[in-house]
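Quick note, the sequences are listed as chains A and B, same order.
The first sequence begins at 963 in my numbering and counts up one residue at a time.
The second sequence begins at 69 in my numbering and counts up one residue at a time.
We put the beta carbon where it would ideally sit given N, CA and C, even for glycine.
Every value quoted in this text rests on a predicted model; they were computed, and no experiment measured them.
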Amino acid sequence: LAKTTQPISMDSYEGQEVNITCSHNNIATNDYITWYQQFPSQGPRFIIQGYKTKVTNEVASLFIPADRKSSTLSLPRVSLSDTAVYYCLVGDINDYKLSFGAGTTVTVRA
Amino acid sequence: DTGVSQNPRHKITKRGQNVTFRCDPISEHNRLYWYRQTLGQGPEFLTYFQNEAQLEKSRLLSDRFSAERPKGSFSTLEIQRTEQGDSAMYLCASSLSSSYNSPLHFGNGTRLTVT
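Next up, the structure:
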């Protein structure tokens, strides 16, 4: 299982872009990169998934450089409701023991 | 898609009692997972089912823990002789095995408090 490293916390203000970088130096060829968001007293919620280059959906963008040893989750124009813990996971479809780590606590202030 | 449902949402029990949690996955999902989450930590893997077969159990799952998924539908997680260290949020997730990397869909968990 590829180990990931991400910042413990990040602070931002409403309307700003938040970029969270996750390091995964030991990523394997078959591994995908998946990000989840978790609010207090709720289960994690899937945000975005990618394999290489850039992926964008209605919520976020995911940037993956050519060497795939890191990835950056970009949250455009955050609001107070984006305050949550964000987890970066790396693994393939057979990785049923995905490791969440401690995640990054993002706090958005008015 | 009604999402993953977990019951109860909260459970308070006295040390030594047995508790059972239920998880109803998304209907077409054949994979089901149980995780445990303590305050300030990310979810930790406990066990995994592919249809009705339990394929993996974490070392975190002591002999007091048992999980079942009869007929590959809902799942139950039972904890016998609960201890205060069992206090945590127990999360269930499901996914669909396919040729692409299907993400996990989580329920909102059962919060267990052992007094």
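- Shown here, SER1043 (chain A) sits in a helix according to DSSP, grouped into three states.
- In the structure shown, GLN148 (chain B) falls within a coil segment according to DSSP collapsed to helix, strand and coil.
- Assigned with DSSP and collapsed to three states, LYS82 (chain B) falls in coil, not helix or strand.
- Using beta-carbon distances, ASN86 (chain B) does not count as an interface residue toward chain A, since no partner is under 7 Å.
- Excluding five sequence positions before and after GLN978 (chain A), the CB atoms of its chain that fall closer than 7 Å to its own CB belong to VAL1040, given in chain order.
- The C-alpha of LEU1035 (chain A) lies about 18 Å from the C-alpha of ASN169 (chain B).
- As a beta-bridge residue in DSSP terms, PHE133 (chain B) pairs with B:ILE147.
- For VAL1068 (chain A), the uninterrupted beta strand (DSSP E) run begins and ends at 1066 to 1071, by DSSP.
- Straight-line spacing of the CA atoms in ALA990 (chain A) and LEU1051 (chain A) works out to 13 Å.
- Shown here for ASN987 (chain A): same chain residues with a beta carbon closer than 7 Å to its own, the five before and five after excluded, namely LYS1031 in chain order.
- For ASP154 (chain B), the three-state secondary structure derived from DSSP is helix.
- Burial of PRO93 (chain B) is indicated by the presence of at least 16 other C-beta atoms within 10 angstroms of its C-beta.
- Taking C-alpha positions only, ARG104 (chain B) is separated from VAL1070 (chain A) by approximately 27 Å.
- Following the DSSP letters along the chain, one finds ASP973 (chain A) inside the beta strand (DSSP E) bounded by residues 971 to 975.
- At a beta-carbon threshold of 7 Å, the residues of chain A lying near GLN109 (chain B) are ALA1064, ordered along the chain.
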